[in-house]
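Residue numbers (the UniProt record's numbering): 1 to 321. Quick reminder that beta carbons are idealized off the backbone N, C-alpha and C, glycines included. In this text the structure is predicted, and so the values were computed from the model without any measurement. Notes for the one structure printed next.
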């Protein structure tokens, strides 16, 4: 139902809900330009802070890593990736309406290059991707999947980034917003996200402490929630960390993040349960781009390199808690 860690709902729905449409609308409404593709070529210049980064750094194949790829894939020379291309800035459609872009896309394109494979991206409904990997429709699923116990029972998962909730407010924090003491403030969130429960619990605590409750304003789209902070109708907002950071970037410095993300969980690429060989190759590819700096370079282009980064890519990492 909601993003990240609603463990009571089926595993295929453990990250997002109507949130998706709002995230895309925010990009298209706030982005000044875009284009190119997820594997390189084109992209916005440095002078435009709202441009969509589309150019992946040049990556050469690593023969040793390529040898780790299952022979069938090596013979084909391509790897098919299922993704829900409606979740900016992770994976979404460029303004041309067909090219899939995003930081998830660029990271995996670099991994594919290390493995000497040509990536073939296919848009899919989020809830169908794990099954599509299991049945062989896709070789891998890359779509901001949070790694959790349910998914680990269904597939191999390769960790590559961590994401939690992030607060953000108007640039300069003119209202002195403190996420740990938001009583009496007006706070914007998108409906049907894990952040709604977060802010409701904070408001209830305010009342228990004899303070003013938080006025919680829920919006159908994240673009609407973001605009309400820019206009001053709300004092702050909270969303998934990459979405909050991207909102800051796309609004040309009218917003800023507050503190660090919290309740973070790792994202993972999904590989069939019976294909550990491919999972290990993909993990080695992620590890290689982490070690040579490509990983940080890509994330820096999206302003996502200051938190959430990993030093080690693992197959089926042990989860905390």
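Taking only the alpha-carbon atoms, compute the straight-line gap between residue 215 and residue 303 and give it to the nearest angstrom.
-> In a straight line, the C-alpha of residue 215 is about 30 Å away from that of residue 303.
Please report the residue range of the beta strand (DSSP E) in which residue 157 lies.
-> 155–170
Count the other CB atoms within 10 Å of the CB of residue 114; is the residue buried (16 or more) or exposed (fewer)?
-> Residue 114 is classed as buried because its beta carbon has at least 16 other beta carbons within 10 Å across all chains shown.
Of all the options 210, 212, 180 and 243, which has the alpha carbon lying nearest to the alpha carbon of residue 226?
-> Cα-wise, what sits closest to residue 226 is 243.
Rounded distance between the beta-carbons of residue 120 and residue 81, thought under 8 Å = Going by Cβ atoms, the distance from residue 81 to residue 120 rounds to 7 Å, so yes, they are a contact pair.
Among 276, 301, 228 and 310, which residue has its Cα nearest to the Cα of residue 154?
-> 276
Going straight from the alpha carbon of residue 86 to that of residue 144, what length do you get?
-> 11 Å
Inspect the beta-carbon positions of residue 163 and residue 241 and report whether they are closer than 7 Å.
-> yes
With residue 123 as the anchor, note down where its beta strand (DSSP E) starts and where it stops.
-> 118–123 is the span of the beta strand (DSSP E), which, as asked, contains residue 123.
Among all the DSSP beta bridges, which residues are the ones paired with residue 86?
-> 92
With DSSP as the reference, please indicate the residues paired to residue 175 in a beta bridge.
-> In DSSP, residue 175 forms no bridge with anything.
Length of the line joining the Cα atoms of residue 293 and residue 237 | So the alpha carbons of these two residues sit roughly 32 Å apart.
Grouping DSSP H, G and I as helix and E and B as strand, with all else coil, what is residue 301?
-> helix
When we look at the beta-carbon of residue 233 and count the other beta-carbons within 10 Å, is it buried (16 or more) or exposed?
-> exposed
Those runs of the beta strand (DSSP E) which lie wholly inside the stretch 180–225 and span at least 3 residues | 186–190 and 215–219
Are there 16 or more other CB atoms within 10 angstroms of the CB of residue 319, so buried, or fewer, so exposed?
-> exposed
Does the beta-carbon of residue 174 have 16 or more other beta-carbons within 10 angstroms, so that it is buried, or is it exposed?
-> exposed
Would you kindly check if the distance between the Cβ of residue 56 and the Cβ of residue 118 is under 7 Å?
-> no
If we ignore side chains and look at the alpha-carbon of each, how far apart do residue 203 and residue 256 end up?
-> The alpha-carbon atoms of residue 203 and residue 256 are separated by roughly 22 Å.
Cβ-based neighbour list, residue 299, same chain, cut-off 7 Å, excluding 5 preceding and 5 following | 103, 305 and 309
Report the residue from 165, 301 and 190 whose alpha carbon sits nearest the alpha carbon of residue 323.
-> No information on residue 323 is available, as it lies outside the stretch 1 to 321 that the chain covers here.
Does DSSP put residue 237 in a helix, a strand or coil?
-> strand
Backbone CA spacing between residue 212 and residue 179 [nearest angstrom] | 15 Å
If you run the structure through DSSP and keep just helix, strand and coil, what is residue 107?
-> helix
Helix, strand or coil at residue 277 [DSSP, three-state] | helix
What distance in whole Å lies between the Cβ atoms of residue 123 and residue 83, which are believed to be in contact at a cut-off of 8 Å?
-> 7 Å
Pick helix, strand or coil for residue 256, following the three-state DSSP scheme.
-> Of the three classes helix, strand and coil, the one that applies to residue 256 here is strand, per DSSP.
Which term fits residue 71, buried or exposed, when burial requires 16 or more other beta carbons within 10 angstroms of its beta carbon?
-> exposed
Please report how far the alpha carbon of residue 138 lies from the alpha carbon of residue 97, in whole angstroms.
-> 22 Å
Counterpart residues of residue 246 in DSSP-defined beta bridges = As computed with DSSP, residue 246 is found in no beta bridge at all.
Neighbour-count burial assignment, residue 262, 16 or more Cβ in a 10 Å radius = Counting the other CB atoms within 10 Å of its CB gives residue 262 a total below 16, which places it among the exposed residues.
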